[in-house]
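*Asks:* For the sequence shown, my numbering assigns the number -4 to the initial residue and increments by one for each residue that follows. Would you mind keeping the following structure in view while I ask a few things?
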Amino acid sequence: MLKKLGRGLITVIGGAFGYLAWLLIALGLNKSGNNVDKIFTSGQQTGVAIIFVIFFAIIFFRLAPSLGRQSFKVAINIESDLQDVSVNKILAGFIGLVMGFVIAFFVGQMVGTVTHSYLGALITIMAYVFFGFIGVVVATSKGGELLAPVLQSRKQPPNIVKGIGKTKRKTGEFPKILDTSVIIDGRIADIMSTGFLEGPIVIPEFVLVELRHIADSSDSLKRTRGRRGLDILKKMQTEYGVEVYNTDGEKSLKEIPEVDVKLLKLAQIMNGKVVTNDYNLNKVAAINDVGVLNINKLANCLKPVVLPGEEMVVQLVKQGKDNSQAIGYLDDGTMIVAEDGRKMIGKTTKITVTSVLQTSAGRMIFGRINV
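Set out below in structure tokens:
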């Protein structure tokens, strides 16, 4: 039905172009000194006009499917190009276009007082194109400055994250956006209790949705982790006033299915940082130039410093990679590899540190049994 209506509309437009073409031809004949009224009678002029209308209507009717497809493609491309453009920029561009047309109107009036020839009409058309283009370019590039007085009077939070509370952002602070892994881990709540994290803490709604899916999983381990994450989130809301932010107003996020990609996109929009324990997300964020706060890295930095030659007490619990090695662990989970410690497995003993190896997975301490 819509296709038929569109084709009919294009046909009517074609007929209008046909009538306009006849009027231009008649005007040209009159300008050249050949009066149309002398060449054609009134009835003949009407007949010629009808022929032009029918001829152009048939052409546009035949071209309607192709024109419809091309128009649809143009509309899709325009929509795609405007997705990442803010409403303020579009508004500034529209204002710039109107101002450019106003200037072009006055230029056209001045040109009209000098000449009424085709040259004057051409100059007027060029003025509209030129000043309209300049107005859009200047307004979009300086849109923030042009709209600053209006935007300063608005106190509500930006559309991309409509908070259900009133989290305030101070100068120099940046939003910390929590991902699913760091909420399930739970240490983020302990860090917040120390007061080291300043600024707004952002938990997007799509992270909460993912937590709910994990909590409803048929896998018992995933279900336990998901419920733990929901408990941690409830604790953060109760004790620290952390709130879940609705991101439905941001169209660019709706079209992204992956939660990790949404997090990075939201961080770019809000000029914030992602708080995570996910090693792969950390790498992808670095590629996309998005700041990351990694809880595991923080934990590694807070581990006690051990130097070669120091003595420490450790319980050896299992055999190492080599037959002569034994493995033990510190309270923070740091692995201790004791050379020639196989005979001491299951016992608590003193070792002397020989070297310390720092890896992406954590820290390993090598030592030998004190004799």
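Yeah, the Cβ is synthetic: ideal placement off N, Cα and C, and Gly gets one too.
1. Along the chain, where does the alpha helix (DSSP H) containing Val254 start, and where does it finish?
2. Could you tell me which of Asp174, Ser37 and Val197 sits nearest to Ile290, measuring between CA atoms?
3. With a CB to CB cut of under 8 Å and the five nearest residues on each side skipped, what residues in its chain are close to Met339?
4. Just to check my reading of the structure: Gly267 and Ile172 have Cβ atoms closer than 8 Å, yes? What is that Cβ distance to the nearest angstrom?
5. Mark Ile381 as exposed unless 16 or more other C-beta atoms lie within 10 angstroms of its C-beta, in which case mark it buried.
6. For Tyr240, count neighbouring Cβ atoms within 10 angstroms of its own Cβ and tell me buried if that reaches 16, exposed if not.
7. What separation, rounded to the nearest whole angstrom, lies between the Cα atoms of Ser148 and Gln263?
8. Residues in its own chain within less than 8 Å of Lys342 by CB, not counting five upstream and five downstream?
9. Pick helix, strand or coil for Ile364, following the three-state DSSP scheme.
10. Could you round the C-beta distance between Thr242 and Glu200 to whole angstroms and report it? I think they count as a contact, below 8 Å.
11. Rounded to a whole number of angstroms, what is the C-alpha to C-alpha distance between Ile155 and Ile331?
12. Less than 7 Å between the C-beta atoms of Ala134 and Gly88, yes or no?
13. Tell me the rounded alpha-carbon separation between Lys68 and Val279.
14. Candidates Leu15, Leu62 and Val43: which alpha carbon is nearest Gly3's?
15. Measuring CA to CA, which of Ile20, Val124 and Leu192 is closest to Val237?
16. Does the Cβ of Val270 have 16 or more other Cβ atoms within 10 Å, making it buried, or fewer, making it exposed?
17. For Ser66, is the classification buried or exposed, using 16 other Cβ atoms within 10 angstroms of its Cβ as the cut-off for buried?
18. For the alpha helix (DSSP H) that contains Val202, what are its first and last residues?
19. With Val177 as the anchor, note down where its alpha helix (DSSP H) starts and where it stops.
20. Can you name the residues that DSSP bridges to Glu168?
21. What three-state label does DSSP hand Pro152 in the structure shown?
22. Who pairs with Thr271 in a beta bridge, going by DSSP?
23. What is the rounded straight-line gap between the Cα of Arg64 and the Cα of Asn25?
24. Closest by CA to Asp317, which one among Asp255, Leu86, Ile360 and Asp335?
25. Measuring alpha carbon to alpha carbon, tell me which of Gly190, Phe169, Pro170 and Val202 ends up nearest Ser176.
26. May I have the straight-line CA-CA distance separating Ile85 from Gly127, to the nearest angstrom?
27. In the structure shown, what three-state DSSP assignment does Gly357 receive?
28. Using DSSP bridges, identify the partner residues of Ala321.
29. Who are the Cβ neighbours of Leu261 in its own chain at under 7 Å, not counting the five residues just before and after it?
30. Which value, in whole angstroms, describes the spacing of the CA atoms of Arg207 and Gly221?
31. On the three-state DSSP scale, how would you describe Ser213?
32. Please report the straight-line C-alpha distance between Thr6 and Val43, rounded to a whole angstrom.
33. Output needed for Phe35: all residues of its chain with C-beta closer than 8 Å, excluding positions within five of it in sequence on either side, in chain order.
34. Counting only runs of 4+ residues fully inside the segment 1 to 62, write out the alpha helix (DSSP H) ranges in chain order.
*Replies:* By the coordinates alone:
1. Val254 to Met265
2. Asp174
3. Leu311, Ala321, Ala333 and Ile364
4. 5 Å
5. Lying before the first or after the last residue shown, residue 381 is absent from the chain, which here runs from -4 to 366.
6. That one is buried.
7. Its pLDDT being 48, under 50, Ser148 is placed unreliably by the model, and the measurement read from it follows with that caveat. Here the alpha carbon of Ser148 sits roughly 25 Å from the alpha carbon of Gln263.
8. Gln310 and Leu311
9. strand
10. So it is a contact: roughly 6 Å between Cβ atoms.
11. Because the pLDDT of Ile155 is 43, which lies under 50, any placement of that residue in the model is unreliable, and the number read from its coordinates should be weighed accordingly. Each residue's Cα considered, the two are about 48 Å apart.
12. yes
13. 33 Å
14. Leu62
15. The candidate whose alpha carbon is nearest that of Val237 is Leu192.
16. buried
17. exposed
18. Glu200 to Ala210
19. Thr175 to Asp180
20. The partner list for Glu168 (beta bridge, DSSP) is empty, contrary to what the question assumes.
21. Its pLDDT being 42, under 50, Pro152 is placed unreliably in this model, and the coordinates cannot settle the point.
22. Asn289
23. 40 Å
24. Asp335
25. Val202
26. 14 Å
27. strand
28. Gln314 and Ala333
29. Ile172, Pro199, Thr242 and Leu248
30. Each residue's Cα considered, the two are about 7 Å apart.
31. Looking at Ser213 - three-state DSSP - the assignment turns out to be coil, as it is neither helix nor strand.
32. 18 Å
33. Val43
34. 31 to 34
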